[in-house]
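Trainee: Take this structure, written in structure tokens, and hold onto it; I'll ask about it next.
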Amino acid sequence: MTETSPAVASIVDFAKTAPEVSVSSPSADRLLAGTPRQKTSNVFSDAGGKFFAGVWESTPGKWRVSYSENEFCHVTAGRIRITDQAGDGREFGAGDTFVVPAGFEGTWEVLEAARKLYVIYEP
């Protein structure tokens, strides 16, 4: 009889993990300005498909957003503006950290080519 050990969870080091990379643009019905190109490098996804972490990059542009997920963001480069449906906007640049809660609706605008670390939880 041989014993098998249970799977052991390992630390996910962003610098040493090959991410799942996708390149996209906002859909035409959400796009408001520019021709933003986005690159998402997803470094971690949990087995249940509810938790994700990685790096997101985008060229300038503006589009509508509607969040079903909670997203933690840490901007590492560039500048963005997020505006809610009431017209209240906030700008974020390199070094800024914020959370976009599930249920948020408004616009996301990349003012200068931007890069952020993200952590997403989809309830």
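The sequence shown begins at 18 in our numbering and counts up by one. Ideal placement from N, C-alpha and C gives every residue a C-beta, glycine not left out.
1. On the CB-based measure, 16 or more other CB atoms within 10 Å of its CB, does E108 come out buried or exposed?
2. Here's the rule: buried if 16 or more other CB atoms are within 10 angstroms of the residue's CB, otherwise exposed. What is P43?
3. Which term fits I28, buried or exposed, when burial requires 16 or more other beta carbons within 10 angstroms of its beta carbon?
4. Given this structure, state the Cα-to-Cα distance separating G78 from F68, to the nearest angstrom.
5. Taking the Cβ atom as the reference point for each residue, do V92 and A111 lie within a distance shorter than 8 Å?
6. Since F31 is in the beta strand (DSSP E), which residue starts that stretch and which ends it?
7. Going by beta carbon distance, what residues of the same chain come within less than 6 Å of T100, once the five residues before and after it are set aside?
8. Work out the CA separation of N59 and A32 for me, nearest whole Å.
9. If you follow the beta strand (DSSP E) that K56 is part of, which residue opens it and which one closes it?
Mentor: In terms of the structure at hand:
1. exposed
2. buried
3. exposed
4. 27 Å
5. yes
6. Per DSSP, F31 belongs to no beta strand (DSSP E) and is neither H nor E.
7. G106, G123, T124
8. 12 Å
9. 55-62
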